[in-house]
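Heads up: the structure comes next, in structure tokens.
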Amino acid sequence: MASRLAKSALSAARARPTLPIRNTLPAVTTFATSTPRQQTGVPQKDPKSAANSILDALPGNSIASKTAILSAGAGLSVAAISNELYVVNEESIVALSLLTIYWAVYTYAGPMYKEFAQGQHDKMKNILNAAREDHTSAVKARINSVQDLSGVIDVTKDLFAETAQLEAQAYEMEQKAALASEAKSVLDSWVRYEGQVKARQQKELADSIIAKIDKQLSDPKILDQILKQSVSDVERIVSQKSS
Amino acid sequence: MIQAARIIGTGLATTGLIGAGVGIGVVFGALILGVARNPSLRGQLFSYAILGFAFAEATGLFALMMAFLLLYVA
Amino acid sequence: MSNFINVISPLDQFEVRNLLSLDAPILGNLSLSLTNIGLYLTIAGYLVFIIGLLSSNNNKIVPNAWSISQESIYATVHSIVTGQINEKNGQVYFPFMYVLFVFILVNNLIGMVPYSFAATSHFILTFSLSFTVVLGATILGFSKHGLKFFSLFVPAGCPLALLPLLVMIEFISYLARNVSLGLRLAANILSGHMLLNILSGFTYNIMTSGFLFFFLGLFPLAFIIAFSGLELGIAFIQAQVFVVLSCSYIKDGLDLH
């Protein structure tokens with residue numbers, strides 16, 4: 001009785017029209033493709049994707065390599081533990097907790113540090129690139145300013161002819177003036193020389209006369225003569241005065 | 001007898017950690033109050049709080065050291 | 001009493017053992033040995049050297065992530081030294097402080113690796129470091145200030161009657177600096193490792209007692225995981241505190257206040 005009721009309930013559920021649901025919820029047609037009994041709202045794929053993620057987390061590239069690595073790991077750990085190469089004691093709990101902490105730091109603080117490091121890296125690169133660009137723009141500005149000055153050459157050439165002429169004239173007059181001043185200085189020096197020569201001659205004459213007189217004075221005969229003369233002079237003066 | 005006394009002494013020595021607990025609580029309470037007044041957190045306040053935590057912890061650990069010394073060495 | 005003899009003490013993980021030893025009766029009973037602490041200190045030295053070498057990034061100006069880690073350690077210690085000692089003249093003490101910081105940090109972190117050995121948990125190592133630093137600061141103070149160094153023990157603005165007592169207290173506190181600096185580091189690392197060992201011993205006993213207890217043991221396991229995180233933080237913090245206090249003691253020796 002109950003089974004018949006259940007069978008009739010099932011058949012009623014199967015025959016329930018799905019069209020209104022299909023009309024009202026067109027976005028969930030994926031649910032309607034399954035049998036109408038399983039319209040619970042949970043997507044069919046979720047257990048499959050969860051199982052796939054566990055499989056993806058295993059090391060290895062294909063199913064065969066994953067199974068090989070898993071069985072090798074299991075065999076190795078069994079061998080190590082049974083031969084007492086690795087003893088499971090309280091230090092394995094310490095190891096477990098430390099490794100959990102390291103995994104947590106790697107997962108959560110790792111991206112933060114990577115971001116910070118990338119920020120520093122970009123900052124340095126930006127500073128260096130900005131400096132390089134500033135330098136190139138400064139050099140370009142200098143090139144432009146120097147280029148403006150290139151038209152100066154022709155102007156300078158035109159001016160050069162005039163200036164050359166003027167300079168030639170100035171040079172000529174300079175030469176004349178120099179010549180005149182040189183002649184003047186030469187004549188002045190000659191005059192000075194003549195004056196010097198005359199002065200020297202006079203001095204020599206005076207010196208010779210004085211020397212002659214000195215020589216005469218040293219001669220005793222002359223001294224006698226001078227004495228006699230001076231005596232006669234004095235007698236004359238005395239006789240003159242007494243008369 | 002000596003062993004029992006040793007264990008009792010260890011237990012009494014670990015009461016020094018009360019001071020450590022109080023000290024660390026005071027330090028971080030002061031940090032929270034300081035930051036609430038003036039949120040210049042990433043500046044000096046957090047580094048001073050860590051420094052203060054280390055000192056308060058150290059004083060408590062002096063007592064813990066005495067406890068371990070009594071239990072295992074003396 | 002006899003049932004206490006076989007207890008495995010949590011201090012066993014810190015025991016210094018000879019890994020390779022050479023005992024010969026020549027030259028007055030020669031005994032050379034490579035101990036586990038020696039091995040781990042050597043490993044720490046090579047690790048510092050190799051990390052520094054590998055982070056050089058082909059000597060490019062723009063750093064990669066490894067170079068930035070080295071540069072940030074440099075900048076941290078530099079800011080500590082110039083902040084504590086002196087802005088302009090404090091650079092002289094920077095290499096010593098950098099080596100101290102990196103030595104303590106790397107040895108703390110090597111102790112954090114499972115199944116390894118924490119060298120800085122040994123009091124003899126940390127006491128030798130701290131005695132060296134404080135003795136060096138004292139000699140620095142004496143060579144710079146002569147006998148005026150003792151004015152360090154007289155705090156400013158103190159009434160004359162209390163002076164002898166205060167000087168005595170300051171002197172004893174100065175002597176205690178030697179011990180407290182090294183004791184702080186060793187006590188933190190030792191207690192952290194020992195606590196981890198004891199708690200995980202209890203947790204292991206809980207978790208292997210039965211099926212239900214395995215899941216019950218996950219709560220203390222969560223606490224142990226959190227405590228390991230704290231241990232990792234303590235490894236960094238204790239290195240920084242050691243360097244900050246060393247700089248402060250050197251400043252006391254140089255500036256006398």
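Protein chains in written order, with the UniProt record's numbering: chain A, 1 to 243; chain B, 1 to 74; chain C, 1 to 257.
Every residue, glycine too, gets a C-beta built ideally from N, C-alpha and C.
The structure presented is a predicted model; accordingly, all values stated were derived computationally and were not measured.
Asked                                                                                                                         : Found
Endpoints, beta strand (DSSP E) assigned at residue 18 of chain C                                                             : 18 to 24
Coarse secondary structure for residue 58 of chain A, derived from DSSP in three states                                       : coil
Collapsed DSSP secondary structure at residue 230 of chain A in the structure displayed                                       : helix
Unbroken alpha helix (DSSP H) run spanning residue 53 of chain C, endpoints                                                   : 36 to 54
Under 9 Å from the C-beta of residue 188 of chain C: neighbouring residues of chain B                                         : 54, 57, 58, 61
Boundaries (first-last residue) of the alpha helix (DSSP H) holding residue 258 of chain C                                    : What the structure shows of chain C is the stretch from 1 to 257, and residue 258 of chain C is not part of that stretch, so it cannot be assessed.
Residue-chain proximity (residue 37 of chain C, chain B), Cβ-Cβ < 9 Å                                                         : no
Under 7 Å by beta carbon: chain B residues contacting residue 244 of chain C                                                  : 51
Residue 152 of chain A burial status per 10 Å Cβ neighbour count (16 or more: buried)                                         : exposed
Chain-ordered residues of the region 209 to 221 of chain C with a beta carbon less than 8 Å from chain A                      : 221
Neighbour list for residue 191 of chain C in chain B, Cβ cutoff strictly below 8 Å                                            : 61, 64, 65, 68
Distance, residue 5 of chain B Cα to residue 75 of chain A Cα                                                                 : 50 Å
Nearest neighbour of residue 21 of chain C, chosen from C:35, C:201, C:8 [CA to CA]                                           : C:35
Through-space distance from residue 61 of chain C to residue 54 of chain B, alpha-carbon basis                                : 37 Å
The region 77 to 90 of chain C in contact with the region 62 to 69 of chain A per 3-pair CB rule at 8 Å                       : no
Rounded Cβ spacing between residue 45 of chain C and residue 129 of chain C (contact assumed at less than 8 Å)                : Not confirmed; about 15 Å, so no contact.
Interfacial residues, the region 102 to 129 of chain C to chain B, with Cβ spacing under 8 Å                                  : none
Beta carbon proximity, residue 124 of chain A to chain C, threshold 9 Å                                                       : yes
Minimum Cβ-Cβ distance from residue 196 of chain C to chain B less than 9 Å                                                   : no
Cα-Cα separation between residue 157 of chain A and residue 166 of chain A, rounded to whole angstroms                        : 14 Å
Proximity below 9 Å, CB of residue 90 of chain A to CB of residue 197 of chain C                                              : yes
Meets three-Cβ-pair contact criterion under 8 Å: the region 131 to 147 of chain C and the region 155 to 166 of chain C        : no
For residue 32 of chain C: DSSP bridge partner residues                                                                       : C:22
Residues, ordered as in the chain, of the region 88 to 101 of chain A that lie near chain C by beta-carbon distance below 9 Å : 88, 89, 90, 91, 92, 93, 94, 95, 96, 97, 98, 99, 100, 101
Cβ pair count under 8 Å reaching 3, the region 165 to 176 of chain C against the region 193 to 209 of chain C                 : no
Neighbour-count burial assignment, residue 30 of chain A, 16 or more Cβ in a 10 Å radius                                      : Its pLDDT being 47, under 50, residue 30 of chain A is placed unreliably by the model, and nothing is read from it.
Cα-Cα separation, residue 150 of chain C to residue 131 of chain C                                                            : 19 Å
is_contact[residue 142 of chain C, chain A] using C-beta, thresh 9 Å                                                          : no
CB contact below 9 Å: residue 78 of chain A versus chain C                                                                    : no
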